[in-house]
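If you're matching positions, the sequence shown starts at 302 in our numbering and goes up one per residue. Think of the CB as a built atom: it goes at the ideal place given N, C-alpha and C, for glycine as much as any other residue. Quantities reported herein were computed from a predicted structural model and do not represent experimental measurements. Report on one structure; see the data block that follows.
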Amino acid sequence: MAVIICGTGSYIPPCSMDNNDIAKLVETSDEWIRERTGVVRRHVIREETTVSMAARAGRRALEQAGIEAGEVDLILVSTISSNVILPCAACEVQRELGAVNATCFDLNAACTGFLLGYNTAAAYLESGVYNTALVIGSESLSNLTNWSDRTTCILFGDGAGAAVMQKGGGRHYLPVTHSNGAKGGALTLKSRHDQSVLTGERDPEELLGPEYFMQMDGQAVFKFAVRSVPQAVEEVLEANQVKKEEISCYILHQANRRIVEAVAKRLEEPLEKFPMNLQEYGNTSSASIPILLDELVQQGKVKRGAKIVLAGFGAGLSWGASILDWA
Ligand code: COA
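And the structure:
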């Protein structure tokens, strides 16, 4: 038994910051950011929240699928930047959508989150536990960004993407996923609830320290990505006896143009098979894969029967790849 994606949706906050706006905050330039990352602009929340963006993306995906909210059995939200801890973002989305029959939970696997959400939903659908799943990646990374750190603030953006999944009659593919907690120090962010409230007063200034925003060893993450993503893609193709020539496109997590180019080169695949939108949105963590997928669908660029590879990588460290047939 296989799964199919029967609808996609996304939400991008209208407010945007281009590289020149960033250059007013830190010592950098449009030229440097474009050259090193490919990012030109990123969108950031104003009135929106992680939950409100997730709900809008989810609603659009359900509309496109032609599925009523009441038919959804599972809502899974992947996020590292929810505006709520309790209830979970997925339960808030359930309330917004009126998806009264859904079981809801969140998943935190950073930029690999949507891929792991997709795999988790697929496992539930294939085992017959649920029939219809709504998987969402939604991030407000602008809230977690240190806007005085030029090594990170140039990279990230906000947004949400969603996919409705159901059981389908096609082929079942095994996913490939990996984690390496021993290398987790390369990309970190401390919780603002990291100390016992019983041990005494806490200086509010402390919460503004750099460890409470995203911190990254950029070169280490870069090297990890360009080595491990092609390996995961090769592994998933091998595990499922699929040839590269059969793949229509590779939807990679949108972190950096140079990473995407290096992955294409290592796989000896043409860059045209690696669509990108990071120039417009920056790195939106777990939202990047479903936003790009939705854009390709809206533009009519995903044809029925197309074999697609999804590949995610990021904090954890975590990474992986999955294959799907577009129905
Ligand atoms: N503007 C201008 N100069 C900058 C800068 C900026 N925004 N950020 C760093 N620099 C400077 C550095 O201080 C350094 O100066 P020095 O040579 O005088 O010391 C120089 O540029 C080179 O820095 P380096 O860190 O070697 O740059 P890089 O080529 O590795 O590019 C990243 C930095 C962050 C763009 C790159 O490492 C990267 O994209 N890594 C992957 C990050 C990522 O995708 N993370 C998320 C994964 S999910």
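Note: Glu440 is bridge-paired with Gly460 in the DSSP secondary-structure output.
With a threshold of 16 other beta carbon atoms within 10 Å, Gly583 meets it and is buried. Contact check between the segment 465-474 and the segment 620-628: three or more CB pairs, one atom from each, fall below 8 Å, which counts as touching.
Gln555 carries a coil assignment under DSSP once its states are collapsed to helix, strand and coil. Nearest C-alpha to Ile609 among Leu398, Val378, Ser549 and Glu427: Ser549. With respect to the C-alpha of Glu349, the residue from Ile381, Tyr312 and Gln555 having the closest C-alpha is Tyr312. DSSP places Thr478 inside the beta strand (DSSP E), whose first and last residues are Val477 to Ser480.
Restricting attention to Ala464, Ala422, Ala411 and Ala423, the CA atom closest to the CA of Ser441 is found in Ala411. The nearest non-hydrogen atom of ligand 1 is less than 7 Å from the C-beta of Arg451. Distance from the CA of Ala565 to the CA of Pro576, rounded to the nearest whole angstrom, comes to 11 Å.
Within the segment 472-560, the runs of beta strand (DSSP E) that reach at least 3 residues and sit entirely inside it are, in chain order, 477-480 and 548-553. Closest by C-alpha distance to Ala463, out of Ser480, Ala556, Val436 and Val561, is Val436. Shown here, Lys604 sits in coil according to DSSP, grouped into three states, outside any helix or strand. If one requires a minimum length of 3 residues, the beta strand (DSSP E) runs lying completely within the segment 380-437 are 404-408, in chain order.
For Ile305, the uninterrupted beta strand (DSSP E) run begins and ends at Ala303 to Tyr312, by DSSP. Ranked by Cα distance from Val341, the options Met354, Arg396, Ile323 and Ala358 are led by Ile323. Spanning the alpha carbons of Ala622 and Asp407 requires a straight line of approximately 20 Å. Beta-bridge partners assigned by DSSP to Phe575: none are found. According to the DSSP secondary-structure assignment, Gln365 is paired through a beta bridge with no residue.
Under the DSSP assignment, Ala324 falls in the alpha helix (DSSP H) whose first and last residues are Asn320 to Ala324. Leaving aside the five residues that flank Val561 on each side, the residues in its chain whose CB is nearer than 7 Å to its CB run, in chain order, Leu553, Phe575 and Met577. In this chain, the beta strand (DSSP E) harbouring Leu625 covers Ser619 to Asp626. Assigned with DSSP and collapsed to three states, Arg343 falls in strand.
Taking non-hydrogen atoms of ligand 1 into account, the C-beta of Met354 is found less than 7 Å away from none of them. In this model, Pro505 and Gly429 are separated by some 49 Å (Cα to Cα).
Contact annotation: Asp374 and Thr433 have beta-carbon atoms nearer than 8 Å. Secondary structure of Ser317 (DSSP, three-state): strand. The three-state reading of DSSP puts Val378 in strand, counting E and B together. If you check the CB distance, Gly399 and Ala370 come in under 8 Å.
At the C-beta level, Thr329 and Asn420 stay beyond 8 Å of one another. For the 8 Å CB-CB criterion, Ser439 and Ala556 do not form a contact.
Between the alpha carbons of Gly367 and Gly601 lies a distance of about 18 Å.
Considering only Lys545, Val603, Asp595 and Ile346, the residue with the shortest C-alpha distance to Gly458 is Ile346.
CA-to-CA, the gap between Val327 and Glu536 works out to about 41 Å. Here the distance from the Cβ of His479 to the nearest heavy atom of ligand 1 is not below 7 Å.
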